[in-house]
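Inspection log for the structure reproduced underneath, given as structure tokens.
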Amino acid sequence: MPFSPSNSTPKVAQFLTTIFGSIYHDRKQRLADKDGSTLFEREYYSPGGGFFLWKGQPEEDRGQPLYPYHSMTQFKALAAENRKSLHEMILENEKAIMKVGVDEINAHLDRVINTMLDGVRQGLREEGLIPAPFPFYRKAKRIYERSRKAGKVNGFMGRLSSYALAVSEGNAAGRLAVTAPTLGSAGTMPAIVRVMKEMKLSQDAMRKGLMAAGLVGFLCKNNASVAGAEVGCQGEIGVASAMAAAMLTYATGASLEATEVAATIALEHHLGM
0 MPFSPSNSTP KVAQFLTTIF GSIYHDRKQR LADKDGSTLF EREYYSPGGG
50 FFLWKGQPEE DRGQPLYPYH SMTQFKALAA ENRKSLHEMI LENEKAIMKV
100 GVDEINAHLD RVINTMLDGV RQGLREEGLI PAPFPFYRKA KRIYERSRKA
150 GKVNGFMGRL SSYALAVSEG NAAGRLAVTA PTLGSAGTMP AIVRVMKEMK
200 LSQDAMRKGL MAAGLVGFLC KNNASVAGAE VGCQGEIGVA SAMAAAMLTY
250 ATGASLEATE VAATIALEHH LGM
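For what it's worth, numbering that gives the first Met the number 0 labels the leading residue of the sequence shown as 0, then goes sequentially.
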């Protein structure tokens, strides 16, 4: 299929077609029986950033957000005008867009949290080669065990690194991971979720933190990109770090303004500012 603005993200398509002209890439899946008769066929399109579409995909039945925004400035103004907190605004928007109740939203957030924690736990238990086209040895468990013998600061940084590596190595081995915001940077937020668990933050606080992370991720994707194909690694690990910073800051009870500053600092550092 042609790589054009109609089947990929406009920025990627415009750049690539300008440099290389018309590009074809096949994302077609075909299932056949033993006689070669086609049983199922579908074309998938991967626009980057952990998202995918398919040909003939029905339009989702989604509502409109109660508080539409396109920047943090707009979000803060809406929050002040409506006397709402960050998580209250996000909850109201999710209820309106997804047409579900608070219980369903909380259940989804809990699944995300548990999947992240499971990824860390599993990754810290595994050793040996990762089964991949270019196999390499797992390091998460070794770094974790070494960190437990280190001093307070070095030990904490070592544990944090091991948590992130545990999930990244699991992703490389084909294990379930959360795109937060992409699989390339899938270890960052789970590492902080594990830290929040160790801090004994409540489940409700962790949910609120995830909502703050979602706010930051949406703004980055809506105004720039989270796809490495478009903006390089800084769009993946930079956004992931900004989301993680916002999550931890807000989950510990900080204000919307402090949450914004934390996310900004994390993103700026990955942009070299």
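Here a beta-carbon is modelled for each residue, glycine too, at the ideal position from N, C-alpha and C. Please read all numbers here as calculations on a predicted model, not as lab measurements.
Best match in the options for proximity to residue i [C-alpha to C-alpha]
| i | options | result |
| --- | --- | --- |
| Thr72 | His269, Val260, Ile264 | Val260 |
| Tyr136 | Ser146, Glu125, Arg145 | Glu125 |
| Ala131 | Ile96, Phe155, Asn170 | Asn170 |
| Lys138 | Lys148, Gly122, Asn153, Ala149 | Gly122 |
| Glu197 | Leu108, Glu40, Pro57, Val119 | Val119 |
| Leu85 | Lys94, Phe74, Ala95 | Phe74 |
| Ile142 | Tyr162, Ile104, Glu103 | Tyr162 |
| Thr251 | Ser167, Gly62, Gly150, Lys199 | Lys199 |
| Leu128 | Gly186, Gly62, Glu168 | Glu168 |
| Ala211 | Leu255, Arg147, Gly154 | Leu255 |
| Glu267 | Met156, Arg174, Gly237 | Gly237 |
| His307 | Cys219, Met242, Gly213 | Residue 307 cannot be examined here, being either before or after the span of the chain that is shown, 0 to 272. |
| Tyr249 | Ser36, Glu87, Arg82 | Glu87 |
| Asn221 | Gly55, Gln56, His69 | His69 |
| Met242 | Glu229, Gly216, Val225 | Gly216 |
Cut-off 8 angstroms between Cβ atoms - residues of its own chain near residue i, not counting five sequence neighbours on either side
| i | result |
| --- | --- |
| Leu247 | Ile191, Val194, Met195, Gly208, Ala261 |
| Asp60 | Lys98 |
| Ile326 | Here the chain has residues from 0 to 272 only, and residue 326 is not among them. |
| Ala95 | Gly62, Gln63, Pro64, Leu65 |
| Ala253 | Ala261 |
| Gly173 | Pro130 |
Bridge partners - residue i, DSSP secondary structure assignment
| i | result |
| --- | --- |
| Leu52 | Tyr44 |
Simplified DSSP state of residue i, which is helix, strand or coil
| i | result |
| --- | --- |
| Glu259 | helix |
| Ile264 | helix |
| Thr248 | helix |
| Met195 | helix |
| Ser184 | coil |
| Gly62 | coil |
| Ser201 | coil |
| Ser240 | helix |
| Ala190 | helix |
Same chain, Cβ closer than 6 angstroms to residue i, neighbours up to 5 away in sequence not counted
| i | result |
| --- | --- |
| Glu91 | Leu65 |
| Ala244 | Ala261, Ala262, Ala265 |
| Lys140 | Leu123, Glu126 |
| Met115 | Val177, Pro189, Val192 |
| Ile104 | Glu93 |
| Asp109 | none |
Own chain residues within Cβ distance below 7 angstroms of residue i, not counting five before or after
| i | result |
| --- | --- |
| Gln233 | His269, Leu270 |
| Gly183 | Gly227, Glu235 |
| Ala239 | Ala179, Pro180, Ser184, Thr187, Met188 |
| Ile89 | Met210, Gly213, Leu214 |
| Ser146 | Gly154, Gly157, Arg158, Ser161 |
Cβ of residue i within 8 angstroms of any chain C Cβ
| i | result |
| --- | --- |
| Phe135 | As a matter of chain content, chain C is missing from the structure shown, which is built from one protein chain. |
As an exercise, report each continuous alpha helix (DSSP H) stretch of at least 4 residues that is fully enclosed by the segment 146–179, in chain order.
151–171
Enumerate, from N- to C-terminal direction, the unbroken alpha helix (DSSP H) stretches of 4 or more residues contained entirely within the segment 67–150.
Fully enclosed alpha helix (DSSP H) runs of 4 or longer: 71–81, 85–97, 101–124, 139–146.
For a minimum of 4 consecutive residues, which ranges assigned as the alpha helix (DSSP H) are wholly contained in the segment 204–235?
Runs of alpha helix (DSSP H) with 4 or more residues, each lying fully within the segment 204–235, are found at 227–230, listed in chain order.
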